[in-house]
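Colleague: Residues 1 to 170 (UniProt numbering) are what the sequence shown spells out, left to right.
Note that the Cβ used here is the ideal one computed from N, Cα and C, for glycine as well.
Please find one structure pasted underneath; my questions will follow.
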Amino acid sequence: MVEKRPRITTIQNENKPIGIFREVKFATEGANRGSYQRFMNELYDALTERADKSGVIPVLPSPLLEPDDHRQYVLAELSNEYQSIKLALNVSDVYILGYHLDSTVRRVLPYSGMYGSLEIYSRVNDRRGIPLGIDQLPQHINYVNIITQLDSGSIARALLVCIQMVSEAM
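What follows is the structure, given as structure tokens:
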């Protein structure tokens with residue numbers, strides 16, 4: 001289910017606040033087409049808050065001069081019954097710049113965020129061959145949260161699903 005309004009979240013690094021971000025949430029438990037559509041509508045509203053709305057279709061804002069300006073990003077939290085992942089989206093291009101888990105373990109991934117790199121590590125020839133949908137999303141939230149796994153291919157596949165179901169779906 002989706003919260004009614006995007007929340008504001010403070011992110012801290014080494015116990016120092018580094019920004020206050022707009023946040024939208026989507027829980028897969030009990031989710032359906034309508035709740036996913038509400039999530040996407042609220043994400044759209046958060047992403048277009050600074051957009052040029054003078055025309056029929058809003059034009060996403062240019063990047064801010066300060067890359068750490070909190071207005072440049074929106075957090076999208078995806079959760080299943082047990083775990084969650086926060087995706088950091090750039091409001092200028094809707095790219096997923098990173099993700100945050102509740103874990104304290106930092107993991108360096110051996111691939112970039114480019115489709116080709118993610119497809120190679122996830123062992124799929126084409127991302128369009130990965131099943132998408134509300135029913136598959138909980139499993140991929142779990143994959144991203146399995147910090148100890150040696151095979152980062154499952155994380156690459158999960159990131160491909162998140163990119164397609166969040167960024168590309170915009």
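(1) So does the stretch 120 to 134 actually touch the stretch 83 to 95, counting three or more Cβ pairs closer than 8 Å?
(2) If you reduce the DSSP assignment to three classes, tell me which class L132 lands in.
(3) On a CA-only basis, which of V56, L160, V124 is nearest I141? Give me that one, please.
(4) Can you give, in chain order, each stretch of the alpha helix (DSSP H) that sits fully within the stretch 14 to 54 and has at least 4 residues?
(5) Around the Cβ of Y143, are there at least 16 other Cβ atoms within 10 angstroms (buried) or fewer (exposed)?
(6) Under the assumption that L60 contacts Y73 (Cβ atoms under 8 Å), give the Cβ distance between them as a whole number of angstroms.
(7) Using the three-state DSSP reduction, which class does E81 fall into: helix, strand or coil?
(8) When every heavy atom of the ligand NAD is checked, does at least one fall within less than 7 Å of the C-beta of G116?
(9) Cutting at 7 Å between CB atoms, please list the residues of its own chain near I155, excluding the five before and the five after it.
(10) Provide the residue span of the beta strand (DSSP E) that contains residue 215, from first to last.
Modeller: This is what the structure holds:
(1) no
(2) Stepping through the sequence shown from its first residue, residue 132 is reached at position 132. Looking at L132 - three-state DSSP - the assignment turns out to be coil, as it is neither helix nor strand.
(3) Locating residue 141 in the sequence shown gives position 141, where the first residue counts as 1. Of V56, L160, V124, the residue nearest in Cα terms is L160.
(4) The qualifying runs are 33 to 47.
(5) As a first step, residue 143 is located in the sequence shown; it is residue number 143 there, counting from the start. Label assigned to Y143: buried.
(6) What you label residue 60 is simply residue 60 of the sequence shown in a count that begins at 1. What you label residue 73 is simply residue 73 of the sequence shown in a count that begins at 1. 13 Å between Cβ atoms; not a contact.
(7) Residue numbering aside, residue 81 sits at position 81 when the sequence shown is read from its first letter. Correct three-state label for E81: coil.
(8) Looking at this structure, you won't find the ligand NAD or any other ligand, since it has none at all.
(9) As a first step, residue 155 is located in the sequence shown; it is residue number 155 there, counting from the start. Cβ neighbours of I155 beyond the five flanking positions: L109, Y143, V144.
(10) Given that the chain is displayed from residue 1 to residue 170, the structure contains no residue 215 and the question cannot be resolved.
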